[in-house]
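**Student:** Starting off with a structure, shown below.
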Amino acid sequence: NAGVTQTPKFQVLKTGQSMTLQCAQDMNHNSMYWYRQDPGMGLRLIYYSASEGTTDKGEVPNGYNVSRLNKREFSLRLESAAPSQTSVYFCASKDRVQPQHFGDGTRLSIL
Amino acid sequence: DQQVKQNSPSLSVQEGRISILNCDYTNSMFDYFLWYKKYPAEGPTFLISISSIKDKNEDGRFTVFLNKSAKHLSLHIVPSQPGDSAVYFCAASSYSSASKIIFGSGTRLSIRP
């Protein structure tokens with residue numbers, strides 16, 4: 043049982059480049075999330091999708107777009123990467139009142 | 019403005035003693051709280067939770083206490099073990115927005131021999 047799978051695990055971009063981070067879960071969860079983790083800031087919610095077909099902004103949505111492709115997949119896109127978006131990105135999923143399950147993260151550096 | 023705050027970035031505790039991690043929240047609509055544990059290069063994993071209808075929840079060595087009037091919760095680990103060394107995140111959500119979960123900034127716990 044893979045749980046939540048994030049690809050890629052590492053990526054280096056130049057300022058202005060675009061990129062899509064992929065996330066897939068095999069637990070048939072309705073809700074999916076994207077967080078970023080920065081030193082001293084903890085996990086900050088970027089976007090979430092409460093169910094297939096819906097997406098909502100979290101705490102720090104600026105500079106990002108998301109797509110809930112189907113029930114399994116939730117992607118995060120950086121249209122024009124900026125150094126401030128250097129971070130570790132985590133995808134998570136959950137169902138109803140159950141706790142979130144997290145992927146192992148994507149480490150993104152923007153030069 | 020942070021809605022969930024963990025004011026201690028780090029904590030060092032001797033093995034076998036009690037570890038107490040604290041968390042404060044500002045949003046009175048929060049009614050479900052969770053603690054996650056995170057090792058380096060891994061995603062956070064769920065540890066324990068508490069609903070606002072309770073003031074205490076225990077699971078083995080881990081106990082979470084909730085003080086609604088003070089908007090404060092704490093995680094007690096006793097006895098502390100070397101494998102407990104990790105970053106601990108507090109998180110909160112509300113029934114009206116059950117899918118939106120907000121995390122604190124984390125506390126790095128180090129258990130020394």
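First to last, the sequence lines map onto chains A and B. Going by this note's numbering, the first sequence opens with residue 43, and the numbers climb by one from there. Going by this note's numbering, the second sequence opens with residue 19, and the numbers climb by one from there. All C-beta atoms, glycine included, are put in the ideal place defined by N, C-alpha and C. Computed from a prediction, not measured in an experiment: that's the story for all the values here.
If the criterion is Cβ atoms closer than 7 Å, does the pair B/Y57 and B/F64 meet it?
**Tutor:** Contact flag unset, no.
**Student:** Could you tell me if B/L93 is buried or exposed, where buried requires 16 or more neighbouring beta carbons within 10 angstroms of its beta carbon?
**Tutor:** Under this definition B/L93 is a buried residue.
**Student:** Considering B/N40, what are the terminal residues of the beta strand (DSSP E) in which it resides?
**Tutor:** Where B/N40 is concerned, the enclosing beta strand (DSSP E) stretches over 37-43.
**Student:** Rounded to the nearest angstrom, what separates A/K113 and A/A66 at their Cα positions?
**Tutor:** Distance between the alpha carbons of A/K113 and A/A66: 9 Å.
**Student:** Can you find a CB in chain B that lies within less than 7 Å of the CB of A/M83?
**Tutor:** Chain B contact via Cβ: present.
**Student:** Let me know the secondary structure DSSP gives B/S70 once reduced to three states.
**Tutor:** DSSP places B/S70 in coil when its eight states are reduced to three.
**Student:** Any idea what DSSP makes of A/D68, helix, strand or coil?
**Tutor:** A/D68 falls in the coil class under three-state DSSP.
**Student:** Can you tell me which of the three DSSP states B/S92 falls into?
**Tutor:** B/S92 falls in the strand class under three-state DSSP.
**Student:** Between which residues of its own chain and A/K136 is the CB-CB distance below 6 Å, once the five residues before and five after are set aside?
**Tutor:** Counting only Cβ-Cβ distances below 6 Å, and skipping sequence neighbours, we find H71, S73, Q142.
**Student:** Taking A/M74 as part of the beta strand (DSSP E), name the residues at either end of that continuous run.
**Tutor:** Unbroken beta strand (DSSP E) run through A/M74: 73-80.
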